[in-house]
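In the numbering used here, the protein residues as written are 81 to 217.
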């Protein structure tokens with residue numbers, strides 16, 4: 081396993097949002113079950129099982145998406161990666177910030193679970209920009 085540092089756990093914030101919803105606060109289902117269609121598709125195709133049911137609808141297991149960000153990633157910053165890919169990236173890059181989001185594909189619940197930094201601490205230059213499908217006109 082790789083070394084995680086600067087870990088931020090958002091479970092208290094998650095608990096507060098759910099408490100507000102279930103205890104008659106100002107929050108409605110539409111306010112918290114607002115996953116973007118892109119995020120729902122990403123969870124369907126790239127999500128990793130979270131091992132827990134949705135806290136809102138309790139009908140489907142949650143999926144986790146891990147987004148990677150870092151100056152060293154260049155144009156590839158902001159992509160979704162699996163835990164296995166992140167583990168190998170941790171040995172290839174100096175510092176990468178990971179954001180893990182949980183998503184329910186049934187009701188649209190989505191919430192930031194945690195963020196952390198991985199990497200070996202040795203700064204590197206970003207890779208040269210590569211042409212992608214998005215560049216073609």
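For every residue, glycine included, the Cβ atom is placed at its ideal position computed from N, Cα and C.
Just so it is clear, the structure is predicted and the values come from calculations on it, not from any experiment.
Contact between the region 166-173 and the region 126-133 is absent, with fewer than three C-beta pairs closer than 8 Å. In this structure residue 124 is not in contact with residue 186, their Cβ atoms being roughly 11 Å apart against a cut-off of 8 Å.
Our two residues, residue 145 and residue 108, have alpha carbons roughly 24 Å apart in a direct line.
Here residue 86 is not near residue 193, since their CB atoms are 7 Å or more apart.
With contacts defined by Cβ atoms closer than 7 Å, residue 163 and residue 148 do not form a contacting pair. Contact check for residue 176 against residue 199 passes: the beta carbons are separated by less than 7 Å.
Here residue 204 is near residue 152, since their CB atoms are less than 7 Å apart. Beta-carbon to beta-carbon, residue 120 and residue 182 are separated by about 12 Å, too far to satisfy the 8 Å threshold. The beta-carbon separation of residue 122 and residue 188, rounded to 13 Å, does not stay under the 8 Å limit for a contact. In this model, residue 184 and residue 134 are separated by some 6 Å (Cα to Cα). Looking from the CA of residue 93, the closest CA among 112, 84 and 104 belongs to 112. Listed in chain order, the non-local C-beta contacts of residue 97 below 8 Å within the same chain comprise 107, 112 and 191, local neighbours out to five positions each way being set aside. Setting aside the 5 residues that flank it on each side, residue 174 is surrounded in the same chain by 152, 199, 200, 201, 202, 203 and 204, each with a C-beta closer than 7 Å to its C-beta; the list follows chain order.
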